[in-house]
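Quick note, the sequences are listed as chains L and E, same order. What the first sequence shows, in our numbering, is residues 1 to 145, in sequence order. What the second sequence shows, in our numbering, is residues 1001 to 1145, in sequence order.
2 protein chains.
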Amino acid sequence: MGASTTRQASPASEAWALMFELMHVSKQRFMAIASEFDLSPPQVMALRHLDTAEPKPMSELALALRCDNSNVTGIVDRLEDRGLVERRAAAHDRRVKMLTITERGAEVRARLGARLDEPPEPLARLSLEDQRTLRDVMRRALGRD
Amino acid sequence: MGASTTRQASPASEAWALMFELMHVSKQRFMAIASEFDLSPPQVMALRHLDTAEPKPMSELALALRCDNSNVTGIVDRLEDRGLVERRAAAHDRRVKMLTITERGAEVRARLGARLDEPPEPLARLSLEDQRTLRDVMRRALGRD
DNA sequence: TATTGTTATACTCTATAACTATA
DNA sequence: TATAGTTATAGAGTATAACAATA
């Protein structure tokens, strides 16, 4: 590294570092909320992924959680023990088990979602203009424009 | 909910959802990189937190990782076993153990950092103008302006 | 007495591999 | 044979509580 290499990080790099920092901080909030509902992080993700409307096979949940099928067994076991989700053999292929949310699960899911969807302090206190700008750039980043 | 309640999410809410999505996707990349170096996520965070320059007590690492002191013992154990960090009793208070990075640890840390600091695809492909905008808004969000 | 780090314990996540029941 | 989900196993993270050494 040369003496005068100010080596300014690219704007994307700095933005990424700041975003990473925000997520690290927000993880605490996530854990705290999950804890309030007595749910582990994967359990939260599972509950959020399962829609009230259509049943989904275990394998799809594994895909969404990006973990092995064998893990889903335990995660769903614990959710089922608490009456939040249900397993039912699929009609078309009895190897497949479809997951549905129970009424109680839907209620928990709704309250949970309300808490988690709330933007964290650092974003919430941005000016409305900055919020819109951030949203628009993120839309473009993820190809939602 | 009224029939005509379009109930548009606030800009911050949508930005937050998009950011959360980006982080969820980026987590895979993080795990893959950690895996390349044979490090678990907390081990990565620990290595990144420990500066080459000044030694830091275990308790500070626990604070940075936002976990209990007792966990740090195991995490540091495994890093020490691999010769990446070292424990030394502090001179001023022999209860305290100071952590330093070894030469080999520093080398791993540098290569690891180079990979992790690279912004993920969705951010990298933004226009330079969008990158700057994103950086500036994030700075304001985190009070770095 | 209070504090730093360790140990013991118990639970969850995680992947891999072997197994089952279906197909 | 191949596939969906389970079980068994082993390793790591996590918090809590009890403990040692030091302050």
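Positions of the beta carbon are idealized from the N, C-alpha and C atoms, including for glycine.
Of the candidates A1015/E, D1136/E, G1143/E and I1101/E, the residue whose Cα lies closest to the Cα of L1061/E is I1101/E.
By the Cβ neighbour-count rule, D1051/E is exposed, with fewer than 16 other Cβ atoms within 10 Å of its own. Taking the Cα positions, I75/L is about 43 Å away from E1129/E. Each residue's CA atom was taken as its position, placing A12/L and E103/L some 44 Å apart. Partner residues in the beta bridge of P1057/E, as assigned by DSSP, are M1098/E. By alpha-carbon distance to Q1131/E, the top candidate from A64/L, A141/L, P122/L and A124/L is A141/L.
Note that the region 1112-1127 of chain E does not touch the region 109-128 of chain L; fewer than 3 beta-carbon pairs, one per stretch, sit closer than 8 Å.
A15/L places its beta carbon less than 8 Å from that of L1134/E.
Exclusion of the five residues before and after V1085/E leaves A1046, L1047, L1050, V1076, L1079, L1099, T1100, I1101, T1102 and G1105 as the residues of its chain whose Cβ lies within less than 8 Å of its Cβ. In this structure, the CA atom of D1081/E is about 44 Å from the CA atom of G83/L. By the rule that beta-carbons nearer than 8 Å mark a contact, D1117/E touches chain L. Annotation: L1065/E to L39/L spans about 21 Å, alpha carbon to alpha carbon. Here DSSP, grouped into helix, strand and coil, assigns R82/L to coil. Contact between L1126/E and I1033/E does not hold, since the beta-carbon distance rounds to 21 Å and is not under 8 Å. Beta-bridge partners of A89/L (DSSP): K97/L. Just so you know, the alpha carbons of K1097/E and R29/L end up roughly 30 Å apart. With respect to the 8 Å criterion, L18/L and M1019/E are not classified as neighbours on the basis of their beta carbons.
In summary, the residues of the region 129-140 of chain L whose CB is separated from some CB of chain E by less than 8 Å are D130, Q131, R132, T133, L134, R135, V137, M138, R139 and R140, in the order they occur in the chain. Taking a beta-carbon distance threshold of 8 Å, L18/L counts as an interface residue toward chain E. Look at R1048/E: its C-beta is not under 8 Å from any C-beta on chain L. Counted as a single uninterrupted DSSP element, the alpha helix (DSSP H) harbouring L1128/E occupies residues L1128 to A1141.
At least one CB of chain E lies nearer than 8 Å to the CB of Q28/L. In the three-state DSSP reduction, E1118/E falls in the coil class, being neither helix nor strand. Between the C-alpha atoms of E1118/E and M1023/E there is a straight-line separation of about 14 Å. Distances from the CA of A1090/E to each of P1057/E, L1063/E and D1068/E were compared; the closest alpha carbon is that of P1057/E.
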